[in-house]
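*Asks:* So the sequence lines, in the order shown, correspond to chains A and Y. All residue numbers in the first sequence are consecutive under this note's numbering, ending with 322. All residue numbers in the second sequence are consecutive under this note's numbering, ending with 1326. Where is the CB? At the ideal position from N, CA and C, for every residue including glycine. These figures come from a predicted structure and were not determined experimentally. Supplied in structure tokens, the structure appears directly below.
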Amino acid sequence: MTTVSPHLRDTGKKSGKKSGKDADKDGGAGAHGVRTRRRIASYLTMTLLAVVFLFPLVFMFVSSLKPDAQILSDSNSLRAFVPTGDISLDNYFGVFDRVPVARFLFNSVLVTVLVVGIGLVVNSMAGFALSRLQWKGRALVLSVVIATLIVPFETIAVPMVYWVSKLPTLVMEGGVLKYDFGWLNSYHVQIVPFIANAFSIFLFTQYFSTIPKSLDEAARIDGAGWFTIYRKIVAPLAGPAFATVAILTFLPAWNQYLWPLMVVQTEELRPVMVGMQYFFQLNTAWGEVMAYTSLITLPVLLVFLSFQRAFVSSVAASGVKG
Amino acid sequence: MTTSTAPSTPSLPPTPPITDGEPPVAPPGRRRASASQRGERRAGLAMAAPAAILLLLFLVVPVLLAFGLSVTNARLISPNPPRFVGLDNFVRAFAADPVFVRSLINTFLFAVVVVPVQAGLGLFLAVLVNQKIRGVTAFRVIFFIPVVTSIVVVSILWRFMYREDGLVNSFIDTITFGAWQGTAWLENPSTALGAIIVLSIWQAVGFHMLIWLSGLQTIPEELYEAARMDGASPWQLFANVTWPGLRSTMVFVLVTITIAALGLFVQIDVMTQGGPVNSTTTLVYHAVRKGYREQETGYGAAISLIFFVLVLIIALVQRYLTRDKD
């Protein structure tokens, strides 16, 4: 009897070679036929699924180029997915006329860059201290980090609004620095609470503990301080950990919605996701909506497609330890 | 000395019972060691301090505040200081707020469907893209694209597609040759939640595909070889090699999907605002509506706390399920 070659079998690196060998050994035609049929079935399934996963986005990009009336009339046929008819960039110009998109994009980029950038430094330093140094309070901090790993932001959003509305802040009043209360309507309220991240600290702690401690000791003997060891020795060896944390914090920062919705009412400070609201007053101009959503999706999509390998391994890394 | 890598019960060395500050009575001949230990202690504290302070301010304090505020009548903007009201908020939620009860039910309904379907579909996709065939990476990327698309954007898109004259209905009309007429999915109380479930799974399943995939790839090929040698069928291979090897991945996937599902908010806010007739209101949506939009911080905190307790229960279940793994 010829071995059936299930698709499950092709796991891991060596399998392709192995199953090829098996097929030869078995004298092959039957096994080969089954494998080819399975392969075709797999491709068909995957192609069908690819259509399912892509069609809304194709629809979005294509519609962003069409006038409203045509979007509606096209949506009962496959023309919805083809840039035909009255194609133009008018919707994009319309978007720029209607809302301060450039400002929203700037805000989102600023918030995202700072949350990710400062987060990398702060969380990796904490990971370094937790994984390689002995100090008082380490056990406590580590247990807080682990205990808060699973606290979703939504559970604390409401008390957090109350909390930040009471926090002290510095304001310039007529050239004099004064303090006031309330963090609402500012950039820092969108940034500071998201810098420290239990999950990032956890990933750094784990990664750093795989780097040999003997490196530290050697550097200590040469008279290096701990911060130098962190900056010059350990951090450069932890590139993958930095990449993973950057990617895993980038998406939520860019996609922030609930938080800025609650704490930022000032139009000039709003990020892109909240800026969307302007389109749903009165009659929805769907062409412009599609242009706007395309505009704010494209940057992320481009980043993802250029770093897809790193994205994939980051997400995988986030699940390896549960 | 390395840290315990397990998230559960880290075995930490006991902190030495030495008081900080002045050099303690160091054993003779150990003076240098203790000086460097002091340096290490100071460096450790200094380097962990920024993160520790931020976590304290923006995670620990808000959690404690959720507890504290939930027993008060605090309002977001109010001249009066919060007053202690005991368990009134919780009594109100369960006894006098039908919308809350509806939110709780909807959240459960959502989770009960989304968790198994999304986990199962994710595993199916993972098995598909785990094959060693040409072009499989491209499919991995494609299946992951909705995940990197903002859920806000996704919700708007689907809101448009779910209209009575939208894409979804014209698709149904085409494949059933007009035999079955669709509805305005989001405006119909009996279909709105289901419609949101579909798009939620569509958006997030790629993420869990990757988690499953990384789990699949940790299963050693030798196990498959051995099982095949014993004449195992494809199904037996899956049931006896793949599935047991995915145990910890499964717990992780189920827990993350459950927690995310219980936190359902954006889709509701963008697509239905809890309607029609509260058929899509959820715990977090209700907490935000009460605690923020209607400014009843105390009551909103109580609802958040109920959500928090649910998450905690799930985390404990996870711990229980993975207890003997490490």
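#1: Under the three-state reduction of DSSP, which class applies to Y:Pro-1189: helix, strand or coil?
#2: DSSP on Y:Phe-1094, reduced to helix/strand/coil?
#3: Considering A:Met-172, what are the terminal residues of the beta strand (DSSP E) in which it resides?
#4: In whole angstroms, give me the CA-to-CA distance for A:Leu-203 and A:Asn-197.
#5: Spell out the partners DSSP gives Y:Thr-1072 in its beta bridges.
#6: Less than 8 Å separating the beta-carbons of A:Met-160 and Y:Val-1152?
#7: Residues of chain Y with CB closer than 9 Å to the CB of A:Met-276, please, in chain order.
#8: So what's Y:Leu-1128 in DSSP terms, helix, strand or just coil?
#9: Over the uninterrupted alpha helix (DSSP H) stretch that includes A:Tyr-324, give me the two end residues.
#10: Mind listing which residues of the region 1194-1218 of chain Y have their C-beta closer than 8 Å to chain A's C-betas, in chain order?
#11: Could you name the residues of the region 253-278 of chain A whose beta carbon sits closer than 8 Å to any beta carbon of chain B, in the order they occur along the chain?
#12: Using only CA atoms, which one of Y:Val-1112, Y:Ser-1233, Y:Leu-1069, Y:Asn-1240 lies nearest to Y:Gly-1194?
#13: In whole angstroms, what is the alpha-carbon distance linking Y:Arg-1319 and Y:Val-1114?
#14: What are the boundary residues of the beta strand (DSSP E) that A:Val-176 is part of?
#15: In its own chain, which residues sit with a C-beta less than 7 Å from the C-beta of Y:Leu-1123, not counting the 5 before and 5 after it?
#16: Using 10 angstroms around the beta-carbon of Y:Pro-1023, count the other beta-carbons present and answer buried if the total reaches 16, otherwise exposed.
#17: Can you give me the C-alpha to C-alpha distance between Y:Leu-1087 and Y:Ala-1093, rounded to a whole angstrom?
#18: Roughly how far, in whole angstroms, is the beta-carbon of Y:Leu-1283 from the beta-carbon of Y:Ser-1036, given that I think they are within contact range, below 8 Å?
#19: Quick check on A:Tyr-257: does DSSP put it in helix, strand or coil?
#20: According to the neighbour-count rule (16 or more other Cβ atoms, all chains shown, within 10 Å of its Cβ), is Y:Gly-1263 buried or exposed?
#21: Roughly how many whole angstroms lie between the Cα atoms of A:Phe-304 and A:Gly-223?
#22: Note down, in chain order, all residues in the region 1272-1285 of chain Y with a beta-carbon under 9 Å from any beta-carbon belonging to chain A.
#23: Counting only runs that start and end within the region 1112-1180 of chain Y, where is the alpha helix (DSSP H) found for 4 or more residues in a row?
#24: Below 8 Å between beta carbons: does that hold for Y:Arg-1159 and Y:Gln-1295?
#25: Identify the contact partners of Y:Asp-1097 in chain A, using a Cβ-Cβ distance below 9 Å as the criterion.
#26: Taking A:Trp-135 as part of the alpha helix (DSSP H), name the residues at either end of that continuous run.
#27: Helix, strand or coil, according to DSSP, for A:Val-151 in the structure here?
#28: Name the residue from A:Trp-286, A:Ala-219, A:Pro-252, A:Gly-287 whose alpha carbon lies nearest to the alpha carbon of A:Ile-191.
#29: What does A:Tyr-187 touch in chain Y if you count any residue whose Cβ is under 8 Å from its own?
#30: Looking at the unbroken alpha helix (DSSP H) that takes in A:Asp-90, where does it start and where does it end?
#31: Could you tell me whether the Cβ atoms of A:Thr-148 and Y:Leu-1059 are closer together than 8 Å?
#32: Hey, out of A:Val-116, A:Trp-254, A:Glu-288, A:Thr-266, whose CA is closest to A:Met-273's CA?
*Replies:* Taking the geometry as given:
#1: coil
#2: helix
#3: 168-173
#4: 10 Å
#5: Y:Phe-1084
#6: no
#7: Val-1152, Val-1153, Ile-1156, Val-1270
#8: helix
#9: Missing from the structure shown is residue 324 of chain A; chain A here goes from 1 to 322 and no further.
#10: Trp-1202, Gly-1206, Phe-1207, Leu-1210, Ile-1211, Leu-1213, Ser-1214, Gly-1215, Leu-1216, Gln-1217, Thr-1218
#11: Among the chains of the structure shown, chain B does not appear; the protein chains present are A and Y.
#12: Y:Val-1112
#13: 22 Å
#14: 176-181
#15: Trp-1212
#16: Residue confidence is low: Y:Pro-1023 scores 45 on pLDDT, short of 50, so the model does not pin down where it sits. No coordinate-derived value is stated.
#17: 10 Å
#18: In fact, because the Cβ distance is near 52 Å, the residues do not count as touching under 8 Å.
#19: coil
#20: buried
#21: 42 Å
#22: Leu-1283, Val-1284
#23: 1136-1148, 1151-1161, 1167-1175
#24: no
#25: Those within 9 Å of Y:Asp-1097 in chain A number zero; the least Cβ separation is about 15 Å.
#26: Here A:Trp-135 belongs to no alpha helix (DSSP H), and DSSP marks it neither H nor E.
#27: coil
#28: A:Pro-252
#29: Within 8 Å Cβ-Cβ: nothing; A:Tyr-187 doesn't reach chain Y, min ~15 Å.
#30: 90-98
#31: yes
#32: A:Trp-254
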